[in-house]
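K.L.:
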């Protein structure tokens, strides 16, 4: 199941860059924390930056083509790892053998959800129906 982006931005590339301070203030997050994320996104090819009075940051491509998985990968690395190792590089023996397919299944579902939600979806507060439905379970919001 692929959730696919729904929002398209025909004006991509025509909007002026936004200053990190303005984004941090609007989202009520620390400026330095955001700068780190924006720099990771720039190095990962997801954002462009421009210096100067009219400078700031903007997306390198339309928001509907950048998944949340893309952002997480450039900021934090692999979506799912165990002790810093990707599941395919793990091996277990004996009774723990079933852990490997468990980690692979977890990775598959995390990837499916995060790759199926775009920055445009988040910005529009319109998560794909399949993702939104996962929050409808009575215990979805409760920590055991």
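In my numbering, the protein residues as written are -14 to 129. Glycine is no exception: its CB is placed at the ideal position from the N, C-alpha and C atoms.
Look at the Cβ atom of residue 92, then the Cβ atom of residue 119, and state whether they are nearer than 9 Å.
P.N.:
no
K.L.:
Could you name each continuous alpha helix (DSSP H) segment of 4 residues or more that falls completely within the region 2 to 35, going from the start of the chain to the end?
P.N.:
5 to 12 and 16 to 28
K.L.:
Identify, in the order they occur along the chain, each residue of the same chain with its Cβ nearer than 7 Å to the Cβ of residue 95, setting aside the five sequence neighbours on each side.
P.N.:
64 and 65
K.L.:
Would you check if there are 3 or more beta carbon pairs closer than 8 Å linking the region 77 to 86 to the region 37 to 49?
P.N.:
no
K.L.:
Less than 9 Å between the beta carbons of residue 112 and residue 57, yes or no?
P.N.:
no
K.L.:
When the distance is taken between beta carbons, is residue 59 closer than 9 Å to residue 25?
P.N.:
yes
K.L.:
If I measure Cβ to Cβ from residue 128 and keep anything under 7 Å in the same chain, skipping five residues before and after, which residues do I get?
P.N.:
Leaving aside the five residues that flank residue 128 on each side, none in its chain has a CB nearer than 7 Å to its CB.
K.L.:
Which of the three DSSP states is assigned to residue 58 in this structure?
P.N.:
helix
K.L.:
Ignore the nearest five residues each way along the sequence and tell me which others in residue 88's own chain have a CB closer than 8 Å to its CB.
P.N.:
The beta carbon of residue 88 is closer than 8 Å to those of 65, 67, 72 and 75 in its chain, skipping five residues each way along the sequence.
K.L.:
Give a yes or no on whether the C-beta atoms belonging to residue 3 and residue 51 are separated by under 9 Å.
P.N.:
no
K.L.:
So residue 23 packs on residue 48, CB below 8 Å; how close in whole Å?
P.N.:
Contact between residue 23 and residue 48 does not hold, since the beta-carbon distance rounds to 15 Å and is not under 8 Å.
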